[in-house]
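> Dropping the structure in here first, questions after.
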Amino acid sequence: MSVWESQYRQAASQLVSPEHLDERIMQQARQYKPAPRTNRLASGAAGSFAAVAVMVLLIHPAQYLGALTPGGTQNSGPNPLENWQPQPSSVGVQRDQWFGLRSEVRAGNYVSLCDHWRREQRGITDSPLPRDLARKARQHCRLLPKP
Amino acid sequence: MSSKHYQHLNDEALLEFYHSTRNLAAFRHLYTRYKDSLYRYCAQMNFTCTNRVLEELWTNLLEHPPVLQGRLLRSWLFIRINKLLRRHLEEPAEAGTGRPEHQQQGEPLLEAIQQLPRSQRNILLLHMECRLPLATIADIEGISLKRCRDQYHQGKEQLREILHGPRRQPWRIVEVTV
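Each protein sequence line maps, in turn, to chains A and B.
Residues 1 to 147, numbered by our numbering, are exactly what the first sequence covers, in order.
Residues 1001 to 1178, numbered by our numbering, are exactly what the second sequence covers, in order.
What follows is the structure in structure tokens.
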């Protein structure tokens, strides 16, 4: 700061803004109130709208269309009871009656097979051979003359 | 936010804070920073309309926040008050003494400043009182920087002459014939 400036500042320090002017300007400034803070979450209008929206969602009959409307079950697809099946555990294990005869045929013993086949041919037995055993019998057994 | 916090804010940040919150304490702080400087400048430029001009300036600032666009608030304030003073200068003067307090109290330096032409006085005050750079003052006055600098030095020289008389001239020997 030059000598001039310091001399000037010293001389001008007696000049200050008068109080009545300050007071008048501050009075004007007091007229400008701070802008109210609008908190969207806390505002009354937004809160009531949100409450109404929740109530409408809860009370609206569309919530219960599937449950309460008359005849609603007619359009609800096939009845699940139609295809109901008993549990697999309840079905009893059935033994194959041809198991023993098949085992003999697989071992090369055709005696029992041929015996059964002849009886079938003569119409003595009630239980016809299954297809695979009958084919084997035609291949390996001879028809013996009637006694 | 207390007044301690305002001290750390610069003028521009404080102004922005005030306009977003309308906090009276923030405005008071801002006003205190500039009130005396503005008053001194205004009173020495045109004492009769000082109060009116200052009121108008602060009312403008309160009503319409200035868009600074990177400029300093200090520059904005003095550019604005300069415009207001020029406008009031064109109006007819009010009845009254029109003499500032310092003239009545007899401060020689301030009285000497009053004797300068308006343009020189404005340049001197804007530089010494308002601490504006000469480039900004040249913009305000609408003159070139060189001319502004010349006027500033001329003003200081003129002040010196008013206060201490003309520079001492070298002795001249005059031949006397008898």
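Note that beta-carbon positions come from the ideal geometry of N, C-alpha and C, so glycine has one too.
In whole angstroms, what separates the C-alpha of B/Asn1046 from that of B/Asn1060?
Numbered from 1 along the second sequence, position 46 holds the residue referred to as residue 1046 of chain B. Numbered from 1 along the second sequence, position 60 holds the residue referred to as residue 1060 of chain B. In a straight line, the C-alpha of B/Asn1046 is about 20 angstroms away from that of B/Asn1060.
> Cα separation between B/Arg1168 and B/Glu1161?
By one-based count along the second sequence, residue 1168 of chain B stands at place 168. By one-based count along the second sequence, residue 1161 of chain B stands at place 161. Taking the straight line joining both Cα atoms gives about 11 angstroms.
> Taking 7 angstroms as the threshold (C-beta atoms), are B/Tyr1018 and A/Ser17 in contact?
The residue you call residue 17 of chain A lines up with position 17 of the first sequence. The residue you call residue 1018 of chain B lines up with position 18 of the second sequence. Taking 7 angstroms as the Cβ cut-off, A/Ser17 and B/Tyr1018 do not qualify as a contacting pair.
> Check this for me: beta carbons of B/Tyr1034 and B/Cys1130, under 7 angstroms apart or not?
Taking the second sequence and counting its residues from 1, the one referred to as residue 1034 of chain B is at position 34. Taking the second sequence and counting its residues from 1, the one referred to as residue 1130 of chain B is at position 130. Contact flag unset, no.
> Are the C-beta atoms of B/Leu1015 and some chain A residue less than 7 angstroms apart?
Walking along the second sequence from the start, residue 1015 of chain B turns up at place 15. Chain A contact via Cβ: absent.
> Using a Cβ-Cβ distance under 7 angstroms, would B/Trp1076 count as near chain A?
In the second sequence, residue 1076 of chain B corresponds to position 76, counting from 1. No, B/Trp1076 does not count as interfacial toward chain A.
> Quick one: residues in its chain with C-beta nearer than 8 angstroms to the C-beta of B/His1088, no 5 flanking neighbours on either side, listed in chain order?
To locate residue 1088 of chain B, count along the second sequence from 1; it is residue 88. If we look at B/His1088 and ignore the five residues flanking it on each side, its Cβ neighbours are Asn1046, Cys1049, Arg1052 and Val1053.
> For B/Thr1136, count neighbouring Cβ atoms within 10 angstroms of its own Cβ and tell me buried if that reaches 16, exposed if not.
Locating residue 1136 of chain B in the second sequence gives position 136, where the first residue counts as 1. By the 10 Å Cβ count, B/Thr1136 comes out buried.
> Kindly indicate if chain B contains any beta-carbon less than 7 angstroms away from that of A/Pro34.
Translated into the one-based positions of the first sequence, residue 34 of chain A becomes position 34. So yes, A/Pro34 belongs to the interface.
> Which residues bound the alpha helix (DSSP H) around B/Thr1136?
Walking along the second sequence from the start, residue 1136 of chain B turns up at place 136. Looking at the DSSP string, the run of the alpha helix (DSSP H) that includes B/Thr1136 is Leu1134 to Glu1141.
> Should B/Asp1011 be flagged as near chain D, meaning a C-beta pair shorter than 7 angstroms?
The structure shown contains no chain D; the protein chains it does contain are A and B.
> My output table needs one value for A/Arg95: the three-state DSSP class, helix, strand or coil.
Here residue 95 of chain A refers to the residue found at position 95 of the first sequence. Three-state result, A/Arg95: coil.
> Below 7 angstroms CB to CB, which residues in the same chain sit around B/Gln1104 once its five sequence neighbours on both sides are set aside?
Walking along the second sequence from the start, residue 1104 of chain B turns up at place 104. For B/Gln1104, the predicted model reports a pLDDT of 49, less than 50, meaning its position is unreliable; a value from the coordinates is still stated below. Excluding residues within five positions, none has a Cβ falling inside 7 angstroms.
> Closer than 7 angstroms between beta carbons: that is the criterion. Which residues of the stretch 1052-1081 of chain B meet it against chain A?
Correct list: Leu1054, Glu1055, Trp1058, Thr1059 and Leu1062.
> Mind listing the chain B neighbours of A/Val16? Cutoff is C-beta to C-beta under 9 angstroms, in chain order.
Residue 16 of chain A sits at position 16 when you count from the first residue of the first sequence. Here the neighbours are Lys1035, Asp1036, Tyr1039 and Arg1040.
> Consider the Cβ of B/Thr1048: report whether some Cβ of chain A lies at a distance smaller than 7 angstroms.
To locate residue 1048 of chain B, count along the second sequence from 1; it is residue 48. No, no contact with chain A.
> Pairing CB atoms from the stretch 1106-1125 of chain B with CB atoms from the stretch 19-37 of chain A, are three or more of them under 8 angstroms?
Too few Cβ pairs lie closer than 8 angstroms, so no.
> Just checking my contact of B/Trp1058 with A/Gln28 at CB under 8 angstroms: how many whole Å lie between their CB atoms?
Against the second sequence, residue 1058 of chain B aligns to sequence position 58. Against the first sequence, residue 28 of chain A aligns to sequence position 28. At roughly 7 angstroms, the Cβ-Cβ gap stays under 8 angstroms, so B/Trp1058 and A/Gln28 are in contact.
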